[in-house]
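**Student:**
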Amino acid sequence: MEKVAVTMIGTLPPIKGMSPYCQELVKSVSGHVEVEFIGFKKLYPDFLYPGGSIVKGKDSECDELENVTVKNTLTYYNPFSWIAAGMELKGDVVHAQWWSYPLAPVFFTVLLISKIRRKKVVITVHNVVPHERSMVSNFLNETVLFLGDEFIVHTGINKEKLSETYGIAKERIHVIPMGILTSAPIRGISRKKARAHLGISYNKKVVLFFGNIRDYKGLDVLIKSMKSVVEDIPEAMLLIAGQVWGEWDAYEKLIDELGLDKHIVKKLEFIQPSEVEYYFNATDIVVLPYKYFDSQSAIGALALPFKKPLIVTDVGGLPEFVKDKSAVAKPNDAEDLAERITCVLKDKNLILKLGRDSGDIREKFGWKGIAKKTIGVYRSVKVGRFMHSRQPLSRAE
6 MEKVAVTMIG
16 TLPPIKGMSP
26 YCQELVKSVS
36 GHVEVEFIGF
46 KKLYPDFLYP
56 GGSIVKGKDS
66 ECDELENVTV
76 KNTLTYYNPF
86 SWIAAGMELK
96 GDVVHAQWWS
106 YPLAPVFFTV
116 LLISKIRRKK
126 VVITVHNVVP
136 HERSMVSNFL
146 NETVLFLGDE
156 FIVHTGINKE
166 KLSETYGIAK
176 ERIHVIPMGI
186 LTSAPIRGIS
196 RKKARAHLGI
206 SYNKKVVLFF
216 GNIRDYKGLD
226 VLIKSMKSVV
236 EDIPEAMLLI
246 AGQVWGEWDA
256 YEKLIDELGL
266 DKHIVKKLEF
276 IQPSEVEYYF
286 NATDIVVLPY
296 KYFDSQSAIG
306 ALALPFKKPL
316 IVTDVGGLPE
326 FVKDKSAVAK
336 PNDAEDLAER
346 ITCVLKDKNL
356 ILKLGRDSGD
366 IREKFGWKGI
376 AKKTIGVYRS
386 VKVGRFMHSR
396 QPLSRAE
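In our numbering, the protein residues as written are 6 to 402.
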């Protein structure tokens with residue numbers, strides 16, 4: 006069978022953001038398709054990135070792969086780089102990783118030129134509705150989605166939301182999971198060693214909040230829930246590990262008001278991949294307390310390889326990370342979340358079961374199956390196998 010040539014647009018390490026996902030996807034499909042990856046030399050200025058520097062960590066592994074050519078040529082401030090990328094890309098299919106509405110002018114330009122050149126365009130929509138919602142962000146989202154022939158989302162809920170919000174025919178939307186993220190090495194670090202490294206007592210019951218600290222992720226709700234948890238389980242503590250987006254003052258004030266300072270350990274910085282295992286192996290449970298969300302969480306995908314018990318809220322694709330519905334809390338409900346955390350921490354058998362569940366679910370998010378489904382979309386869109394009518398985008402009223 007003739008190989009498909011694909012041009013993928015996104016980011017690769019050392020740039021943060023979508024890079025771990027893009028790297029895993031390129032690695033998984035490159036054995037079956039030729040990949041030209043067009044990335045960013047400069048994504049956006051550091052002062053516009055609330056999570057600190059956008060460049061962090063090791064370089065990409067993709068440069069060394071067969072069938073892969075990496076071209077980090079795009080810059081947010083240079084429209085000529087956008088035009089050149091659109092004019093020079095070589096793929097039969099252009100696969101855009103779409104996640105950040107400030108980059109809409111870049112993606113719109115590259116994809117518009119691709120369409121003029123009669124390329125087929127596949128768009129993976131990582132955030133069906135932008136995290137920070139506004140009329141402007143919704144408009145920019147729509148301008149990019151208008152150029153897609155086929156779409157990939159990570160959950161069935163995403164599919165319904167994308168169709169409902171933008172009037173895209175469901176036949177054009179393909180559900181393919183995010184996939185586990187293996188950018189953090191797993192070396193078999195023991196709990197004792199992990200806790201010693203982080204300065205945490207071995208007898209503590211540790212709840213982990215990991216990743217960028219943004220309002221929609223519900224850290225404030227988790228902090229409120231810990232008040233009840235520590236009253237019932239005095240040895241319980243919350244480990245917060247991640248870069249603050251915006252201001253930390255409101256969270257610190259909440260911690261002080263609830264008298265939780267002695268029960269919370271804070272590592273308010275970007276956690277390097279080499280350090281990630283210490284945090285997950287030091288914990289008893291990982292909590293994703295999101296208030297609202299429309300997709301799958303990269304933190305959930307990162308947690309699964311460590312086979313840690315997960316407690317999630319009932320938003321977006323988060324419930325797909327657990328098998329036991331007792332591990333799914335109501336969003337924005339500190340009391341319900343506290344009850345579920347307390348229940349798990351008090352029950353050793355339940356902790357073991359939820360850990361096994363994470364190991365089982367990990368198989369569902371394996372990259373071999375994801376690659377097969379993604380390549381199927383490439384092949385079908387290239388030969389025009391998708392014959393459904395193309396509806397114009399129109400937001401639901």
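All residues carry an ideal CB built from backbone N, CA and C; glycine is no exception.
The structure displayed is predicted, hence computed values, not measured ones.
Under 8 Å by Cβ, that's how I've got S33 and I375 pegged, so tell me the actual separation to the nearest angstrom.
**Tutor:** With a Cβ gap of about 6 Å, S33 and I375 count as contacting.
**Student:** Fully enclosed by the segment 122-182, which alpha helix (DSSP H) runs are 4 residues long or longer?
**Tutor:** Counting whole runs of 4 or more residues, the segment 122-182 contains the alpha helix (DSSP H) stretches 140-150, 161-171.
**Student:** What would DSSP say about A189, mapped onto helix, strand or coil?
**Tutor:** The answer is coil: DSSP assigns A189 none of H, G, I, E or B.
**Student:** Return helix, strand or coil for E236, following the three-state DSSP convention.
**Tutor:** Helix, per DSSP.
**Student:** Counting along the chain, where does the alpha helix (DSSP H) carrying Q277 start and finish?
**Tutor:** No alpha helix (DSSP H) holds Q277; DSSP gives it neither H nor E.
**Student:** Please confirm whether any heavy atom of the ligand NAD lies closer than 8 Å to the CB of F214.
**Tutor:** As presented, the structure is devoid of all ligands, the ligand NAD included, so that no description of it is given.
**Student:** Looking only at its own chain, which residues have a Cβ that is under 6 Å from the Cβ of V133, when we skip the five neighbours before and after it?
**Tutor:** Result list for V133: N163, K166, L167, D299, in chain order.
**Student:** Shortest alpha-carbon distance to I407 belongs to which of V158, Y171, R196, S188?
**Tutor:** Look at the range of the chain in this structure, 6 to 402, and you will see that residue 407 is not part of it.
**Student:** Could you tell me how far apart the beta carbons of G360 and I185 are, in whole angstroms, since I believe they sit closer than 8 Å?
**Tutor:** In fact, because the Cβ distance is near 15 Å, the residues do not count as touching under 8 Å.
**Student:** What's the gap between the Cα of K378 and the Cα of K124?
**Tutor:** In a straight line, the C-alpha of K378 is about 20 Å away from that of K124.
**Student:** Check whether the segment 79-91 touches the segment 29-49, taking contact to mean three or more Cβ pairs, one atom from each stretch, closer than 8 Å.
**Tutor:** The segment 79-91 is in contact with the segment 29-49.
**Student:** Are the beta-carbon atoms belonging to E240 and N208 less than 9 Å from one another?
**Tutor:** It is a contact, given that the beta carbons lie within the stated cut-off.
**Student:** Just tell me which of L70, F112, I356, G204 has its CA closest to the CA of G36.
**Tutor:** Measuring from the Cα of G36, the nearest candidate turns out to be L70.
**Student:** Run the CB neighbour count on A90, radius 10 Å, all protein chains shown included, and call it buried at 16 or more, exposed below.
**Tutor:** Looking at its Cβ environment, which holds 16 or more other Cβ atoms inside 10 Å, A90 is buried.
**Student:** In whole angstroms, give me the CA-to-CA distance for I59 and K351.
**Tutor:** Low local confidence applies: a pLDDT of 49 at I59 is under 50, so the model's placement there is unreliable, with the coordinate-based value given in what follows. Distance between the alpha carbons of I59 and K351 is about 40 Å.
**Student:** So what's W87 in DSSP terms, helix, strand or just coil?
**Tutor:** Helix at W87.
**Student:** Mind checking who E41 pairs with in its DSSP beta bridge?
**Tutor:** According to DSSP, which records beta bridges pairwise, E41 is partnered with T12, T74.
**Student:** If I'm right that I245 touches K222 with Cβ under 8 Å, what's the distance once you round it to whole angstroms?
**Tutor:** At roughly 11 Å, the Cβ-Cβ gap does not stay under 8 Å, so I245 and K222 are not in contact.
**Student:** According to DSSP, is T114 helix, strand or coil?
**Tutor:** Helix, per DSSP.
**Student:** Where does K95 sit, in a helix, a strand or coil, going by DSSP?
**Tutor:** Three-state result, K95: coil.
**Student:** Relative to the alpha-carbon of I346, which residue among A306, E39, V388, L293 has its alpha-carbon at the smallest distance?
**Tutor:** Here the closest residue by C-alpha is L293.
**Student:** In terms of alpha-carbon separation, which member of F85, T16, T114 lies closest to V75?
**Tutor:** Minimum Cα distance to V75 is reached at T16.
**Student:** Could you tell me whether the segment 226-235 touches the segment 195-202, using the rule of 3 or more Cβ pairs below 8 Å?
**Tutor:** Short answer: they don't touch.
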